[in-house]
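Number of protein chains: 6
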Amino acid sequence: MPTVYITRKAHFNAAHRLHNPDKDDAWNEATYGKCNHANWHGHNYDLEVTIAGEPHPETGYVMDLGRLKRIIREAIIEPCDHRNLNMDVPFLKGIIPSAENLVVAFWQQLEPHITEARLVSVRLWETERNVAEYRGH
Amino acid sequence: MPTVYITRKAHFNAAHRLHNPDKDDAWNEATYGKCNHANWHGHNYDLEVTIAGEPHPETGYVMDLGRLKRIIREAIIEPCDHRNLNMDVPFLKGIIPSAENLVVAFWQQLEPHITEARLVSVRLWETERNVAEYRGH
Amino acid sequence: MPTVYITRKAHFNAAHRLHNPDKDDAWNEATYGKCNHANWHGHNYDLEVTIAGEPHPETGYVMDLGRLKRIIREAIIEPCDHRNLNMDVPFLKGIIPSAENLVVAFWQQLEPHITEARLVSVRLWETERNVAEYRGH
Amino acid sequence: MPTVYITRKAHFNAAHRLHNPDKDDAWNEATYGKCNHANWHGHNYDLEVTIAGEPHPETGYVMDLGRLKRIIREAIIEPCDHRNLNMDVPFLKGIIPSAENLVVAFWQQLEPHITEARLVSVRLWETERNVAEYRGH
Amino acid sequence: MPTVYITRKAHFNAAHRLHNPDKDDAWNEATYGKCNHANWHGHNYDLEVTIAGEPHPETGYVMDLGRLKRIIREAIIEPCDHRNLNMDVPFLKGIIPSAENLVVAFWQQLEPHITEARLVSVRLWETERNVAEYRGH
Amino acid sequence: MPTVYITRKAHFNAAHRLHNPDKDDAWNEATYGKCNHANWHGHNYDLEVTIAGEPHPETGYVMDLGRLKRIIREAIIEPCDHRNLNMDVPFLKGIIPSAENLVVAFWQQLEPHITEARLVSVRLWETERNVAEYRGH
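Protein chains in written order, with my numbering: chain A, 120 to 256; chain B, 120 to 256; chain C, 120 to 256; chain D, 120 to 256; chain E, 120 to 256; chain F, 120 to 256.
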């Protein structure tokens, strides 16, 4: 049976700031530059979630995409959309919201819910020029 | 010698409907929702075909892209473009035209013609938010 | 007071066919070519609706975009999405669903609902290469 | 002599919040919904500035695009990029940063610097689905 | 009867160089910078041609788009694609190939052929960030 | 520790021509067609560079993206932008500038500079429809 990969895109807008509270201001400014700005900045984040599995012979689906869309919405979009990633999202508490750390945290939120297929990639576009991806290991 | 991956994009417009004729209407409605609508709906499908091989020292080409374009056109675009994927395409007879099933069927159409390189991926964008990919196994 | 133009995008997928039932098959085939194919084809339609007005001093809004989104959804997306534009849409009965005729029909559906601003443009992308626009006159 | 329109795109990331400080929380919540969230949210803003004029016979330019790029950078991008539009931008003080109000404010910043051509449009994409435009009157 | 605007996109790749042969090297270097580089550079040009007219009651078309596509191909794409805009295109002889001058020259090539509708805009994207438009006056 | 993949995009415009100087004109014309045109053509090249590594616990970064941007600029963009890939770029001397050969050459330019992470992919879009990728082996 063939393995097919399905990618679903989603979108959210959020404020964030790169800042390590264990470090002083000079370290943060030197490390993060304008991304450390105290009054926040923000992004239109584009999220791509890829799952893999065998298409079911009766449905032709690897997984019901409506269900995948709801999982992404409940696990990621609702807690993050129009929010402050440093302050408002319970599962990001204590995490510096770099794109790298976000894709790892998003993977951990999504994976327990995707039972009928295998999660293989979480990609996050922070801008049109920067993308981070986590593949689970 | 290095292996280089070449992706060529193509495009077609088609009508389709998700419907399993072995199941009753209630099952189809519950499984496919609005994608089961009796009078069809349609998409602008974007197709990405990736091949791999070593660039030939005399040409710098893994494969002549004009030839790849013609293979894609003859194997996929001409039979599918401005057609009904459930009714009109000989190689899709008996196949529920989900994106998953389409990428597997497209792979089977393309692979015998790509003799000078290795087919490694067939991706199909059904909408801007949904993509299916088959990698041949 | 300045006039500001606000554009909201929406999306739907539909089947259609270009066919004038008052003409014979030869005329239809000669006029529409593959767009006349009997078993339908379809598109991912992108719709852009532009309104104009003065930003309200208390809100900074020309019009509440959530309300505009709902008007577009109820007037256009719900009747057309995952439907057959020739067969299923009451307000398109008797209309050949060319992009030209669609933008005029969509304008007529939208305009009565946009009372707090002025409708100035309805644009419809049938493919990435073809767009039709109606400006109301 | 022909009039030619030149559009230059630019980009910035910023945090903002829709909030009218002269109104109470209930009014703000009812008017702006999630855009009123207290801890800010943010966007990748895409800006399009269009100027018009006659191409100079010696250069073929309506205006040196490098100069236009610098004007946009100094007047808009540097004060707004990676900033909080409610708190950090001097020329936005006292302005609710809706896309409507932003395009009017950006016009006022740009126009005095564009002396060799006529400013005709400032467009701002707040998301891929929402655009505001001001044409100067 | 309503007026509808139809835009058709096309694409070509070409080499060019901004250089005024009536001026010396210092003037050209100061005016055009890296766009003056002696050994050429090039672009993927995206062209948008907009026509306007009333949809014909029998066809729903302002103009047959297949015919518009052929006009654009014969008038612009075939002479310019994979060519050097300074050296190879007869209708550009003696013209500095700035985007401004190109859209005016393209208009003059297209207009005589568009007899069943009114040409209203020729837009040329030189890069994703720069666009020139000519509206015929 | 998780491995995260970071992709950074960059852009340059260049002229080129596919031509093997060891072969005669008939061979070149037969092999490359319009890409062999003597007076050059050109492209807007989009480059995507992907690196992989573990996010640093103190910064949340796999690698400072500002540093990656500078490496790409100095190694690729500055030597290639607004240049002729056959004539002007020292590290491309003797290389037929097909997309395949370019991604291998770009890899060799980039890899020595990326010391804090692992280079995993170099992708080059020659047009919107053609992409070449090299993964280092």
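Virtual Cβ for every residue (Gly too), placed ideally from N, Cα, C.
Residues of chain B with CB under 9 Å from residue i, in chain order?
i                 : result
Ile-125 (chain A) : Ala-218, Glu-219, Asn-249, Val-250, Ala-251 and Glu-252
Asn-139 (chain F) : Glu-177, Thr-178 and Gly-179
Using beta carbons (cut-off 9 Å, strictly below), is residue i in contact with chain B?
i                 : result
Tyr-151 (chain F) : yes
Check whether the Cβ of residue i lies closer than 9 Å to any Cβ atom in chain C.
i                 : result
Thr-246 (chain B) : yes
Asn-155 (chain D) : no
Ala-194 (chain E) : no
Ala-134 (chain B) : yes
Pro-121 (chain E) : yes
Closer than 8 Å to a non-hydrogen atom of the ligand HEM - does that hold for the CB of residue i?
i                 : result
Ala-171 (chain C) : Ligands are entirely absent from the displayed structure, and the ligand HEM is therefore not among its contents.
Short of 7 Å in beta carbon distance, which residues of its chain neighbour residue i, apart from the five on each side in sequence? Order them along the chain.
i                 : result
Asn-237 (chain C) : With the sequence shown as reference, residue 237 (chain C) is identified as Arg, and Asn is not the correct amino acid for it. Excluding residues within five positions, the ones whose Cβ falls inside 7 Å are Ile-170, Ala-171 and Gly-172.
Arg-127 (chain C) : Val-168, Leu-184, Leu-187, Lys-188 and Ile-191
Ser-240 (chain B) : Thr-169, Glu-252 and Arg-254
Cys-199 (chain A) : Phe-131, Ala-133 and Val-208
Comparing the C-beta of residue i with each C-beta of chain D, is any distance below 9 Å?
i                 : result
Arg-242 (chain A) : no
Glu-235 (chain C) : no
His-232 (chain A) : no
His-256 (chain A) : no
Met-206 (chain A) : yes
Closer than 9 Å, CB to CB, is residue i near chain F or not?
i                 : result
Trp-159 (chain E) : yes
Just checking: is the beta-carbon of residue i within a distance shorter than 9 Å of some beta-carbon in chain A?
i                 : result
Asp-143 (chain B) : no
Does any C-beta atom of chain E lie closer than 9 Å to the C-beta of residue i?
i                 : result
Asp-200 (chain D) : no
Met-182 (chain F) : no
In its own chain, which residues sit with a C-beta less than 6 Å from the C-beta of residue i, not counting the 5 before and 5 after it?
i                 : result
Ala-251 (chain F) : Ala-218, Glu-219, Val-222 and Leu-243
Asp-163 (chain F) : The amino acid occupying residue 163 (chain F) in the given sequence is Asn; Asp does not appear at that position. Counting only Cβ-Cβ distances below 6 Å, and skipping sequence neighbours, we find Asn-132.
Glu-235 (chain B) : Met-182
Ile-125 (chain B) : Ile-170 and Val-181
List the residues of chain F whose Cβ lies closer than 8 Å to the Cβ of residue i, in chain order.
i                 : result
Asn-147 (chain E) : Near Asn-147 (chain E) there are no residues of chain F at all, since even the closest Cβ is about 14 Å away, more than 8 Å.
Starting from the C-beta of residue i, find all residues in its chain whose C-beta is less than 8 Å away, skip the five residues before and the five after it, and write them out in chain order.
i                 : result
His-201 (chain E) : Phe-131, Asn-132 and Ala-133
Trp-146 (chain F) : Asn-139
Glu-148 (chain B) : Asn-155
Glu-245 (chain E) : His-162, Tyr-164, Ala-218 and Ala-251
His-135 (chain B) : Trp-159, His-160, Gly-161, His-162, Asn-203, Leu-204, Asn-205 and Pro-216
Thr-122 (chain B) : Ala-171, Gly-172 and Glu-173
In chain E, which residues lie with their C-beta within 7 Å of the C-beta of residue i?
i                 : result
Gly-213 (chain D) : Within chain E, no residue comes near Gly-213 (chain D); the closest Cβ sits about 32 Å away, beyond 7 Å.
Below 8 Å on C-beta distance, what does residue i contact in chain A?
i                 : result
Pro-174 (chain F) : Ser-217, Glu-219, Asn-220 and Val-223
Report yes or no: do three or more beta-carbon pairs, one from the region 202 to 221 of chain F and one from the region 150 to 168 of chain E, lie closer than 8 Å? yes
Below 8 Å, how does it come out for the region 222 to 233 of chain B and the region 167 to 187 of chain C: are there three or more Cβ pairs, yes or no? no
Below 8 Å, can you find three or more Cβ-Cβ pairs linking the region 227 to 239 of chain A to the region 182 to 202 of chain F? Cβ pair count under 8 Å is below three, so no.
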